[in-house]
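Student: A single structure is presented below for examination.
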């Protein structure tokens with residue numbers, strides 16, 4: 001407790017709350033090269049400094065400081081083009097260290113959006129990681145958190161395609177694998193796409209909903225064949241025509257399935 005108080009006083013002497021996220025980021029980056037016991041001590045310190053007793057660091061500052069390094073660490077793991085069970089465990093430990101399940105949807109959204117500008121192998125590794133973390137026995141990420149994360153991705157998709165023109169296709173590939181692994185149903189994915197956008201239904205209006213769902217169906221057909229695709233479609237009760245923008249004659253990826 002004495003050590004914590006001394007750290008709190010040092011931070012208070014900085015008198016620069018805007019710097020706290022950067023300070024946290026530096027601490028977390030350094031901890032990746034240290035022993036588990038040292039990382040655990042840092043995590044405990046950050047949590048305690050955020051609690052009302054000290055009130056030195058806000059939850060928002062903690063998240064802003066923690067996230068970039070967690071994202072960087074994941075990017076380093078994915079760049080190896082192979083994600084081992086040990087890597088997955090390390091990612092899981094980093095997420096647990098956040099100790100903030102309410103933030104997981106934002107974390108997922110940032111990871112997925114970032115993946116649009118990465119290679120296929122990196123996106124596939126991220127998809128596998130999200131699936132495994134959701135299906136894990138301890139349920140580190142819940143289905144609801146994954147869904148909320150995807151909702152956030154769809155909300156910024158219109159902007160994302162400016163930087164990554166194939167973002168809708170890439171997102172459809174991620175959704176398809178989530179469906180094929182029985183993590184989220186096609187019916188629920190369809191609802192997210194249909195309602196998605198900065199404003200509800202915006203992705204349908206501009207044709208991106210048809211591109212995302214068309215990509216989902218393309219990947220399921222390619223990986224599982226028409227019989228499985230037809231079975232999944234039948235159980236989803238989706239009306240594909242509803243995903244086309246009204247009055248548009250533009251050729252879209254979904255058209256081949258209508």
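Residue numbers (the UniProt record's numbering): 1 to 258.
Quick reminder that beta carbons are idealized off the backbone N, C-alpha and C, glycines included.
Since this is a predicted model, take the numbers as computed values, not measurements.
Out of curiosity, what's the CA-to-CA distance linking residue 119 and residue 31?
Tutor: 28 Å
Student: Determine, using beta-carbon pairs with one atom in the segment 201 to 210 and one in the segment 241 to 248, whether at least three such pairs fall under 8 Å.
Tutor: yes
Student: With burial defined as no fewer than 16 other Cβ atoms inside 10 Å of the residue's Cβ, what is the status of residue 105: buried or exposed?
Tutor: buried
Student: Counting C-beta neighbours from all protein chains within 10 Å, is the total for residue 198 16 or more, i.e. buried, or is it exposed?
Tutor: Its Cβ having fewer than 16 others within 10 Å, residue 198 is exposed.
Student: For the segment 178 to 190 against the segment 142 to 160, do three or more pairs of beta-carbon atoms, one drawn from each stretch, fall closer than 8 Å, so that the two count as touching?
Tutor: yes
Student: Can you find the residues in the same chain that come closer than 7 Å, C-beta to C-beta, to residue 195, ignoring five residues on each side of it along the sequence?
Tutor: Closer than 7 Å at the Cβ level, and outside the excluded window around residue 195, lie 201.
Student: Just to confirm the assignment, what range does the alpha helix (DSSP H) spanning residue 172 have?
Tutor: 167 to 180
Student: Are there 16 or more other CB atoms within 10 angstroms of the CB of residue 258, so buried, or fewer, so exposed?
Tutor: Exposed, since its Cβ has fewer than 16 Cβ neighbours within 10 Å.
Student: Out of curiosity, what's the CA-to-CA distance linking residue 224 and residue 14?
Tutor: 58 Å
Student: Between the segment 160 to 171 and the segment 125 to 143, do at least 3 Cβ pairs fall closer than 8 Å?
Tutor: no
Student: Would you kindly report the start and end of the unbroken alpha helix (DSSP H) that includes residue 200?
Tutor: Run containing residue 200: none; DSSP gives neither H nor E here.
Student: What does a CB cutoff of less than 8 Å around residue 228 pick up in its chain, not counting 5 residues either side in sequence?
Tutor: 220
Student: With a Cβ-Cβ cutoff of 8 Å, do residue 183 and residue 131 count as a contact?
Tutor: yes
Student: When you compare each of 154, 165, 102, 113 to residue 140 by their alpha carbons, which one comes out closest?
Tutor: Residue 102 holds the alpha-carbon nearest to the alpha-carbon of residue 140 among 154, 165, 102, 113.
Student: My assumption, with CB atoms under 8 Å, is that residue 157 sits in contact with residue 210. Please give the rounded CB distance.
Tutor: Not quite, the Cβ-Cβ distance comes to about 13 Å (not below 8 Å), so this is no contact.
Student: State the CB to CB distance for the pair residue 193 and residue 213, rounded to an integer number of angstroms; the pair is presumed to be in contact (CB under 8 Å).
Tutor: Taking C-beta atoms under 8 Å as the contact rule, residue 193 and residue 213 qualify, at a distance of about 5 Å.
Student: Can you give me the start and stop residues for the alpha helix (DSSP H) that residue 143 sits inside?
Tutor: 143 to 155
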